[in-house]
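Shown next, in C-alpha cells, is the structure this report addresses.
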Amino acid sequence: MLPSQRSKFSLPKTGVYLNCAYMAPLLKKVERAGMAGILQKRNPMAVTPAMFFEDSEKLRAEYARLLNVSSPKRVVIIPSVSYGLASVARNVQLHKGDEVVVAAEQFPSNVYTWMDLTDRASARLKIVRPPDELAQRGRRWNERILDSINRHTRLVALGHVHWADGTRFDLAAIRKRTRDVGALMIIDGTQSVGALPFDMKAFDPDALVCAGYKWLMGPYSIGLAYYGPYFDDGKPVEENWINRLYSEDFTGLVNYQPAYQPGALRYEVGEHSNFVLVPMMLEALRQVNQWNPSRIQEYTDKISREALAMLRAAGCWIEEEYRGNHLFGVRLPREISLGKVKEALQKKKISVSIRGDSIRVAPHLYNTAAEMKMLAQTILTAP
Ligand SMILES: Cc1ncc(COP(=O)(O)O)c(C=O)c1O
70 MLPSQRSKFS LPKTGVYLNC AYMAPLLKKV ERAGMAGILQ KRNPMAVTPA MFFEDSEKLR
130 AEYARLLNVS SPKRVVIIPS VSYGLASVAR NVQLHKGDEV VVAAEQFPSN VYTWMDLTDR
190 ASARLKIVRP PDELAQRGRR WNERILDSIN RHTRLVALGH VHWADGTRFD LAAIRKRTRD
250 VGALMIIDGT QSVGALPFDM KAFDPDALVC AGYKWLMGPY SIGLAYYGPY FDDGKPVEEN
310 WINRLYSEDF TGLVNYQPAY QPGALRYEVG EHSNFVLVPM MLEALRQVNQ WNPSRIQEYT
370 DKISREALAM LRAAGCWIEE EYRGNHLFGV RLPREISLGK VKEALQKKKI SVSIRGDSIR
430 VAPHLYNTAA EMKMLAQTIL TAP
C-alpha cells in the first residue's frame, strides 16, 4: 500500500480535510508549475508559437494514459463540465417523444443541459429516483436505471458515482443496454476519474467529461473531455482559430481553413493553451498516473475500515457494494441529529460536505485512519 502522501501538499496542521469531492488541495509541484506559468508572461519574447501547442499535447497524452485511450486527439481541454456537455448537446437532435435519462439529484451542470435540450424538442427528461428504503439501495437504483432505458431513449447522462452520496452506477451494464436501444451514453467523471479506475474498454462512453479540480488534482477552471467517434463530424459550440487545420502556421492564419484539426480537437475551448492552468493540470495528472487510481482505492479503503465499522455498529447506513472507497455518504439513524453533527464537525474543524440527508465523506492519500476515526467519533458523540 502507498504511504501517506501528505508531505506533497501544504495542508494546514490544524483541521481534517475529508472533502476532495469539494476541491482537491494544491500539490506543491502543481503550485510551482502555476507560478512558473505566471512568471513566463514577464517576457513574451520567450513564448514561441510552438508553445501554444506543446503542453496541451502533453496534457492530452497524460490524460489518455490515465484512461487507457489509444488516441490522445480524442481528448480535449475544456473550462467546465457544462462546456463539455454543451458540445454534446449541440450534436444531438431530439424529436418529440424522445427520452433522455438522468439519475435523481444529479449535479446541476449535468441536468440543466438536458432540461434545455429536451424542452426545445418537446422531448422527455426521465429522472430516475433511488428506492426510498436503504436495503440494497445501490443495486436497486441501478436496476431502475436499466429498466428506464427503452426504445425511446436517445441519451443517458450519468456520473460513474453519484456526486452527493457516492452511489456507483454499473456503467458496463448501462452501456450494454444503451447499445441495445441505440442510445448515447454520456458520463460526467468529475467525482470519480483520477480516484476510481475507469474501464474505458468496458464502458466505452460516447463522451466522458470531467472537471479537473477534484480527483484529477488540478486547478479550477480547467477540465478534460473525451469524445468518441459519434462526434467525429460534429459542430463545436464556438469557432476558435487554433482548432482549424494548420493553425500551427501562424503566418498563414488568414488562409481561412474549412477543415478542423483531427480527432475531437474541434471541441477544445478557445485559448486552450492556457499558460498557467495547462502546466498545472499536466503536473497534477503526472502525479495521479504515478499514484494510480487503483492504489487510491486501496488506500482509502484501508484507512476507512475501522471508522465505517464504528459508524455501522451505531446504526449509521453506508452503501456496501455500489460505491467506491474515495467518496461515500453516511446516513444517520433517527436518534442522531444531522444539525448537531454539523455543528460538532465545524467545531473540530473536520471538513466534509452535507448533501441532502447524507454526510459526504471524501478521503484521499493525505488522510489517515486516525482522521477517519476522529470523524466517526465526532459523529457518534455529537450532543
Ligand atoms: C459531478 C460534478 N460534475 C460537475 C461539477 C462541476 O461542474 P462545472 O464544471 O460545470 O462547474 C461538479 C462540482 O461539484 C460535480 O460534483
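In short: position in the sequence shown from 1, add 69, done, that's our numbering. Virtual Cβ for every residue (Gly too), placed ideally from N, Cα, C.
How many Å lie between G207 and F122 at the Cα? 43 angstroms
If you follow the beta strand (DSSP E) that S427 is in, where does it begin and where does it stop? 427-430
For a test of your reading of the model: does the CB of D426 fall under 7 angstroms from any non-hydrogen atom of ligand 1? Yes or no. no
G393 vs A264 beta-carbon contact at 8 angstroms: yes
Tell me whether G287, by its Cβ, gets closer than 7 angstroms to a heavy atom of ligand 1. no
Out of A294, Y336, G287, S290, which one is the CA nearest neighbour of I311? Y336
When burial is assigned at 16 or more other CB atoms within 10 Å of the CB, is P148 buried or exposed? buried
Using alpha carbons as the reference points, say which of A431, R129, C89 lies closest to P141. R129
Which listed residue (L71, R101, G408) has its alpha carbon closest to that of S79: R101
Nearest-angstrom Cα distance between N179 and P348? 27 angstroms
Opposite F176 in the DSSP bridges: which residues? Per DSSP, none; premise fails for F176.
Just to confirm, are A241 and F272 a CB contact at a threshold of 8 angstroms? yes
Looking only at its chain, what residues have a beta carbon closer than 8 angstroms to the beta carbon of Y86, apart from the 5 residues adjacent to it on each side? L80, P94, S420, Y435, N436
Once DSSP output is grouped into helix, strand and coil, what is the label at K195? strand
Would you say the beta carbon of W232 is closer than 7 angstroms to some non-hydrogen atom of ligand 1? yes
Following a CB-centred definition, is V150 positioned closer than 7 angstroms to any heavy atom of ligand 1? yes
What residue range is occupied by the uninterrupted beta strand (DSSP E) comprising G398? 397-399
Count Cβ pairs between the stretch 111-126 and the stretch 341-359 that sit closer than 8 angstroms; are there 3 or more? yes
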